[in-house]
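Colleague:
What follows is the structure in structure tokens.
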């Protein structure tokens, strides 16, 4: 969204996305040996299946979207939900 330099205001959408899907199987193997590898692999497979079922991967489904509005010196940051687009 736009940033108004003259009026010094925001009207932005901020997306926070964890970067975990490609590292979970390896982290599981390091942390928990064979059991951890199994958990990491299961999460990896769920990510791939979710991508095919919902046309989005797991990371996109757990991303957080915020609305950033208002003046630069007192901005309002609110979580965007399906009921609050």
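Residue numbers (our numbering): 456 to 540. Cβ atoms here follow ideal geometry from the backbone N, Cα and C, with glycine treated the same way. Since the model is a prediction, treat every value here as computed from it, not as a measurement.
1) Per DSSP, what kind of secondary structure is residue 503 in: helix, strand or coil?
2) Per DSSP, what are the beta-bridge partners of residue 520 in this structure?
3) Straight-line CA distance for residue 520 to residue 532?
4) Between residue 465 and residue 534, is the Cβ-Cβ spacing less than 7 Å?
5) Taking only three categories from DSSP, how would you classify residue 460?
6) From residue 501 to residue 517, what does the alpha carbon distance come to, in whole angstroms?
Modeller: Answer, in terms of the structure:
1) When DSSP states are grouped into helix, strand and coil, residue 503 belongs to the helix group.
2) In the DSSP secondary-structure assignment, residue 520 is bridged to 470.
3) In a straight line, the C-alpha of residue 520 is about 10 Å away from that of residue 532.
4) Contact: no.
5) Of the three classes helix, strand and coil, the one that applies to residue 460 here is coil, per DSSP.
6) As the crow flies, the alpha-carbon of residue 501 is around 13 Å from that of residue 517.
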